[in-house]
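K.L.:
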Amino acid sequence: MKGWLPAVALGALLALGALVVILALRPGPLATPEERADALAAELRCPDCQGLSVADSPTQSAIEIRRQINELVVAGASDGEVRAHFVARYGEWIRLAPSSAAPWLIPFAFVATAATALTIWLVRRRPPPLRVPARISPGERARIHAEADALDG
Amino acid sequence: MRHLRWLLIPILVVPLGWLLFTGFGRDPRAIASPLIGQAAPTWTIATLDGATLGTDELSGRPYIVNFWASWCIPACVDEHPVLASAHETYGDDLVVVGVLYQDAPADAEGFLARYGDAGYDNLVDAGGRLAIEYGVTGPPETFFVDANGIVRDKQFGPLTDALMAQRLASIGVGR
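Chains as they are written, first to last, in the working numbering: chain A, 1447 to 1599; chain B, 13 to 187.
#1: If the cut is a Cβ gap below 9 Å, which residues of chain B does Ala1534/A touch?
#2: If you pair each beta-carbon of the stretch 1497-1512 of chain A with each one of the stretch 130-148 of chain B, do three or more pairs fall below 8 Å?
#3: Mapping the DSSP letters down to three states, classify Arg1529/A as helix, strand or coil.
#4: Measuring from the CB of Phe155/B, is there a heavy atom of the ligand NAD at a distance below 7 Å?
#5: So the candidates are Val1569/A, His1591/A, Leu1518/A and Ala1592/A; which of them puts its Cα closest to the Cα of Ala1453/A?
#6: Could you tell me the boundaries of the alpha helix (DSSP H) in which Arg1491/A lies?
#7: In angstroms with no decimal places, state the Cα-to-Cα distance between Arg1596/A and Pro1573/A.
#8: Let me know if Glu1517/A comes out buried or exposed under the rule of 16 or more other beta-carbons within 10 Å of its beta-carbon.
#9: Does any CB atom of chain B fall closer than 8 Å to the CB of Ile1552/A?
#10: Could you check where the beta strand (DSSP E) with Glu153/B kicks off and where it finishes?
#11: Determine, for Met1447/A, whether the minimum Cβ-Cβ distance to residues of chain B falls below 8 Å.
#12: Of all Cβ atoms in chain B, is any one closer than 8 Å to the Cβ of Pro1493/A?
#13: Report the neighbours of Asn144/B on chain A: residues whose CB is nearer than 9 Å to its CB, in chain order.
#14: Just to confirm the assignment, what range does the beta strand (DSSP E) spanning Ala1596/A have?
#15: What are the boundary residues of the alpha helix (DSSP H) that Val1569/A is part of?
#16: Is the beta carbon of Leu135/B less than 8 Å from the beta carbon of Ile57/B?
#17: When you compare the CB of Trp1539/A with every CB in chain B, is at least one pair closer than 8 Å?
#18: Whole-angstrom Cβ separation of Gly1537/A and Ala44/B, contact assumed at under 8 Å?
#19: So which of Trp80/B, Gly150/B, Ile162/B and Pro151/B has the shortest CA-CA distance to Leu124/B?
#20: Helix, strand or coil: how does DSSP classify Val185/B here?
#21: What are the boundary residues of the beta strand (DSSP E) that Gln167/B is part of?
#22: Do you know how far the Cα of Leu171/B is from the Cα of Asp90/B?
#23: Whole angstroms are fine: how far does the CA of Ile1552/A sit from the CA of Trp55/B?
#24: By DSSP, does Met1447/A sit in helix, in strand, or in coil?
#25: Buried or exposed: Phe155/B, going by 16 or more other Cβ atoms within 10 Å of its Cβ?
#26: If Glu145/B and Gln167/B are in contact, beta carbons under 8 Å, what's the gap, nearest whole angstrom?
#27: Looking at the C-beta of Ile21/B, does it have a partner C-beta in chain A at a distance below 8 Å?
#28: Counting Cβ pairs, one atom from each stretch, are 3 or more of them under 8 Å apart for the stretch 100-112 of chain B and the stretch 64-82 of chain B?
#29: Between the stretch 132-143 of chain B and chain A, which residues of the former have CB atoms less than 8 Å from a CB of the latter, in chain order?
#30: Could you check if Ile1590/A is buried or exposed, using at least 16 other CB atoms within 10 Å of its CB as the buried criterion?
#31: Establish whether the CB of Gln167/B and some CB of chain A are separated by less than 8 Å.
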């Protein structure tokens, strides 16, 4: 059981390190309404495209959603209110990134599991300690000497 | 312990295979509408023939809102007679409203001239605002609204007679 502890600790440390890096790299608060509107448009899925955000799409729906985002932001809506406006019409599907924190933890869980498994494998791979008998019989001693002499030539 | 190791393979592979199988088997745009059970969007919009139609004129009557386009082939062509038939069959008991989805009025008129105009109103959705209010991802999509103005059902993809009867039952039509 004790052999697992360093492995689990290493996995947890790796996951924590990755989380800290991601949090450190996260962009800071956006200042202007235009920046906020652009960021929100990048978060929302274009309804009639394949895997594009509203910010990246030239379709009529994307243009109209961008217009509505600008309108809402200028009218004083918070980011959450703007997201809720479109979620009320399309459901959570309209959001490119999931709102719950749980899916974000999945990669960390994978990294931690993989690191734990790798460490356990490396720990177990070490050769077992050599077992030398406490006493060598006179016959065995004679045979060892004979073989050593034969090797010396 | 050695047997457990072999058990790990199906434990990992089966759920992954199931996820891929179910994921690839459905249209990613066929989303459940959050509008179901909610009050339908309200609107007053110009129709293809130059008049205007508003939800206040529909109050107290069940209605369906069908988003379609002349370029939506063959789905919109396939369901066109189903909508026309519902309009003729239920008369005043059901209002059928078509909405042009990212389509030019002239192209829509050409479609109706070719496949038949059943006489119900078609709205010209400038900018696609109404489509966004309904959370439409692509035609054809049809929303079923009851006499109290509540959205009761949604059809993603073309309607058939059987689907139409099933969906209309949710708004108390044809029972």
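All residues carry an ideal CB built from backbone N, CA and C; glycine is no exception.
P.N.:
By the coordinates alone:
#1: Residues of chain B passing the Cβ test: Pro46, Leu47, Gln50 and Gly147.
#2: The count of Cβ pairs closer than 8 Å, one atom from the stretch 1497-1512 of chain A and one from the stretch 130-148 of chain B, reaches three, so the stretches are in contact.
#3: Arg1529/A: helix per DSSP, three-state reduction.
#4: Among the components modelled here there is no ligand, and therefore nothing to report on the ligand NAD.
#5: Ranked by Cα distance from Ala1453/A, the first of Val1569/A, His1591/A, Leu1518/A and Ala1592/A is Val1569/A.
#6: Arg1491/A -> no alpha helix (DSSP H), and no H or E assigned at all.
#7: Sequence check: residue 1596/A is Ala here, not Arg. Between Ala1596/A and Pro1573/A, the C-alpha separation is close to 29 Å.
#8: Classification for Glu1517/A: exposed.
#9: Judged by the 8 Å Cβ criterion, Ile1552/A is not in contact with chain B.
#10: From DSSP, the beta strand (DSSP E) with Glu153/B extends over Glu153 to Val157.
#11: Bear in mind that the predicted position of Met1447/A carries a pLDDT of just 49, short of 50, making it too unreliable to give a figure here.
#12: Interface flag for Pro1493/A against chain B is set, since a Cβ pair is found closer than 8 Å.
#13: According to the sequence shown, residue 144/B is Ile rather than Asn. Those within 9 Å of Ile144/B in chain A are Pro1493, Ser1507, Glu1510, Ile1511, Gln1514, Phe1532, Arg1535 and Tyr1536.
#14: Ala1596/A -> not in any beta strand (DSSP E); alpha helix (DSSP H) instead, spanning Pro1584 to Asp1598.
#15: Residue range Ala1548 to Arg1571 is occupied by the alpha helix (DSSP H) that includes Val1569/A.
#16: Yes, the pair counts as a contact, with Cβ atoms nearer than the cut-off.
#17: Between Trp1539/A and chain B, the shortest Cβ-Cβ separation is below 8 Å.
#18: Indeed they touch by this definition, with Cβ atoms about 6 Å apart.
#19: In this structure, Trp80/B is the residue among Trp80/B, Gly150/B, Ile162/B and Pro151/B with its C-alpha nearest to the C-alpha of Leu124/B.
#20: Coil at Val185/B, not helix or strand.
#21: Per DSSP, Gln167/B belongs to the beta strand (DSSP E) from Val163 to Phe168.
#22: If you take the alpha carbons of Asp90/B and Leu171/B, they lie about 8 Å apart.
#23: Distance between the alpha carbons of Trp55/B and Ile1552/A: 43 Å.
#24: Here the model assigns Met1447/A a pLDDT of 49, short of 50, so the residue's position is not dependable, and the following value carries that caveat. Looking at Met1447/A - three-state DSSP - the assignment turns out to be coil, as it is neither helix nor strand.
#25: Its Cβ being crowded by 16 or more others within 10 Å, Phe155/B is buried.
#26: Not confirmed; about 17 Å, so no contact.
#27: For Ile21/B, the answer is no, since every Cβ of chain A falls outside 8 Å of its Cβ.
#28: Taking 8 Å as the limit for Cβ pairs, the verdict is that the stretch 64-82 of chain B does touch the stretch 100-112 of chain B.
#29: Residues passing the 8 Å Cβ filter: Gly139, Gly140, Arg141 and Ala143.
#30: Exposed, by the Cβ-count rule.
#31: No - not a single Cβ of chain A is within 8 Å of the one on Gln167/B.
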